[in-house]
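Remarks on the structure that follows.
In mature numbering (1 follows the signal peptide of the UniProt record, and there is no 0), the protein residues as written are -21 to -1, 1 to 126.
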């Protein structure tokens, strides 16, 4: 009987230890990421990556100021269709026959590198910071509306 209780306690301790060891370990790719592209400094790129049971859901949004027909600047959000992706050789690859778009996570500085083989675009993403989009929006409004 003592061996049985001992064995059960060991099992419970092992399960709790495994559970606690897993806490705080999130998926490296999951989260909201923000990036800037040198060729288009007035645009902020927002990528949201959600871990699914099998693979990932990836949504991308480009946001920027644009002049409307009345000559006023309006904040514009281009939301691309949500796509799926999966890890292939250490990269998050958007599901497509040609594997043209991928994200590579770099642990040493907690960044995500977006690469698009069709346009040779490379964008460096970082985890979104508090008020980052609002600050970018205010900064860019000042720069685009300046004479």
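C-beta atoms are modelled at their ideal positions from N, C-alpha and C, and glycine is treated no differently.
- The secondary-structure analysis by DSSP pairs residue 35 across a beta bridge with 30 and 64.
- Between residue 16 and residue 24, the CB-CB gap stays under 9 Å.
- By the beta-carbon neighbour count (other beta carbons within 10 angstroms, threshold 16), residue 26 is buried.
- Ranked by Cα distance from residue 95, the first of 75, 105, 121 and 44 is 75.
- The beta carbon of residue 88 sits closer than 6 Å to none of the beta carbons in its chain outside the five residues before and after it.
- In the three-state reduction of the DSSP assignment, residue 100 falls in the strand class, which pools E and B.
- With respect to residue 107, residue 71 sits apart: the two C-beta atoms are not nearer than 9 Å.
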